[in-house]
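One structure is given here, and the rest of the page talks about it.
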Amino acid sequence: RVDFNLGLSYSGKKLAGMLALDRINLKKPYGETEKAEPMILGSYNPANGMIFTTGYKESFTGEGRWLFKQDISIINGLGLELGYMNNPGILQWGLDLSWKSLKLSFGYNAVSRLNDTMVMGLSWGN
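Throughout, this note's numbering is defined as the position within the sequence shown, counted from one, plus 1.
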């Protein structure tokens, strides 16, 4: 399958927010009926190098999921993500490598009752 995400975001000095559609499917396997998943996120940046995020996401089955995450800047261009999402319980961690407007992300999700998942991402923007 091939998915992509689409979002609209705002970023201020200490607060940020995002409205997005996650998992917009470009190539569905035959018979699959999944829909894109809407989500809303809000972030607070209390100090340089640390960001706290909370959000809500509606899955394609209609169930709601809450997200709590912390981003920590280790050094310029290298970041660490730690988080938790419910329903089912998912512990998340990841590394972000940034250079100018380009960001490469690697994430690992430990999912209760399911197999663990690794996620790679590439993003561009200011």
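Ideal Cβ placement from N, Cα and C applies to all residues, glycine included.
- Contact between G126 and G108 does not hold, since their C-beta atoms are separated by about 18 Å, which reaches or exceeds 8 Å.
- Ranking S99, N88 and V3 by CA distance to the CA of D23 puts V3 first.
- Under the DSSP assignment, D23 falls in the beta strand (DSSP E) whose first and last residues are L16 to K28.
- By the Cβ neighbour-count rule, K58 is buried, with 16 or more other Cβ atoms within 10 Å of its own.
- Here Q93 is buried: its Cβ has 16 or more other Cβ atoms, across all protein chains shown, within 10 Å.
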